[in-house]
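Plus 397 on top of the position in the sequence shown (first one is 1) and you've got my numbering.
The beta carbon of each residue, even a glycine, is placed where N, CA and C say it ideally should be.
One structure is given here, and the rest of the page talks about it.
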Amino acid sequence: MNNRIIRLLVSFLAAVALMVVLCVLTPEQDPPRILVLLGGVLPGGLIQGFTYFLFFFGMSEVFHTSKRLTYEADAFTAKLLPEEENWILSEEDVNQLKLNMQKMERSQKFLLTDLIKKACTKYRLGKSSSEVLGLVDSQINIYKSKIDGEQSFMRYTAWAIPSVGFIGTVLGIAGALGYADQAGSTEGLKLVTDMLGVAFDTTLVALFLSIILVFSMHFLEKKEEDLFSDMSSYMNENLINRFYK
Numbered sequence: 398m399n400n401r402i403i404r405l406l407v408s409f410l411a412a413v414a415l416m417v418v419l420c421v422l423t424p425e426q427d428p429p430r431i432l433v434l435l436g437g438v439l440p441g442g443l444i445q446g447f448t449y450f451l452f453f454f455g456m457s458e459v460f461h462t463s464k465r466l467t468y469e470a471d472a473f474t475a476k477l478l479p480e481e482e483n484w485i486l487s488e489e490d491v492n493q494l495k496l497n498m499q500k501m502e503r504s505q506k507f508l509l510t511d512l513i514k515k516a517c518t519k520y521r522l523g524k525s526s527s528e529v530l531g532l533v534d535s536q537i538n539i540y541k542s543k544i545d546g547e548q549s550f551m552r553y554t555a556w557a558i559p560s561v562g563f564i565g566t567v568l569g570i571a572g573a574l575g576y577a578d579q580a581g582s583t584e585g586l587k588l589v590t591d592m593l594g595v596a597f598d599t600t601l602v603a604l605f606l607s608i609i610l611v612f613s614m615h616f617l618e619k620k621e622e623d624l625f626s627d628m629s630s631y632m633n634e635n636l637i638n639r640f641y642k
């Protein structure tokens, strides 16, 4: 939770810094359309600023989870289980494996080491490969559910970004309607078009950022699926199928 608060703070500061840069670069007279689109004109650009904050926070959640998945995948390179062909695990070997995992976790803990410990304990109690297989499958589902639960903020952010953009659209259209009675004059027409510009700019920026975030989330989901699929295969090939029958 503390790490998430830090990510929230960093995302807020990054959004503020970006808005400051955009406002400094945007001249008061005839500002470039791209800078107006990005939110360089206040107060109209505040919606884009909030969108940037949500985007930075969502991407920080993606990077955090991706880093964790990479860390968990590193366990496969530690050769936690015997990988030699025709290696059969006796009951003594299983006991030693559990002790090895307990020793390793004093300095470095992985989901895989925890899973191996639980599988070894289950085998010692029942001497049944099928029971161990069932435990491995259920435990992997528990790990997956826990990681999925930690991504709830990420999913909320992906939903919130386009929603904030649509709020900006509603506000912009409402503002334009407020100046509709002045549309007959040059100044009034400019006010109407400026507010309509705000309406569509906020949605365009929000949808663009949402596309990037959702793509990153799908990439992350694939990485997560690969991790747990590899974990199941690794346990089956190098532990469950090697139990002495």
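Straight-line Cα distance separating Ile609 from Ala475:
34 Å
Excluding the 5 residues flanking Leu604 on each side, which residues of the same chain have their C-beta closer than 8 Å to its C-beta?
Pro559 and Gly562
Exposed or buried, which one is Lys506 when buried takes at least 16 other CB atoms within 10 Å?
exposed
Give the C-beta separation of Glu618 and Ile544 to the nearest angstrom, bearing in mind that I take them to be a contact with Cβ-Cβ under 8 Å.
Their Cβ separation, rounded to whole angstroms, is 10 Å, which puts Glu618 and Ile544 out of contact at 8 Å.
Neighbour-count burial assignment, Phe460, 16 or more Cβ in a 10 Å radius
exposed
Taking just the CA atoms, how far does Glu481 sit from Phe452?
47 Å
Which of helix, strand or coil does DSSP assign to Leu486?
strand
Glu458: first and last residue of the uninterrupted alpha helix (DSSP H) it sits in
Leu443 to Ala470
Can you round the beta-carbon distance between Gly455 and Ala555 to whole angstroms, since I take them to be within the 8 Å contact cut?
6 Å
What's the C-alpha gap between Val491 and Ile637?
11 Å
Among Gln445, Ser457 and Leu512, the one whose alpha carbon lies nearest that of Phe550:
Ser457
When DSSP labels each residue in this structure, what does Phe616 get in the three-state scheme?
helix
How many Å lie between Asp623 and Arg465 at the Cα?
14 Å
Let me see if you follow: with CB-CB separation under 9 Å, is Ile403 close to chain C or not?
Protein chain content of the structure displayed is limited to a single chain, and chain C is not contained in it.
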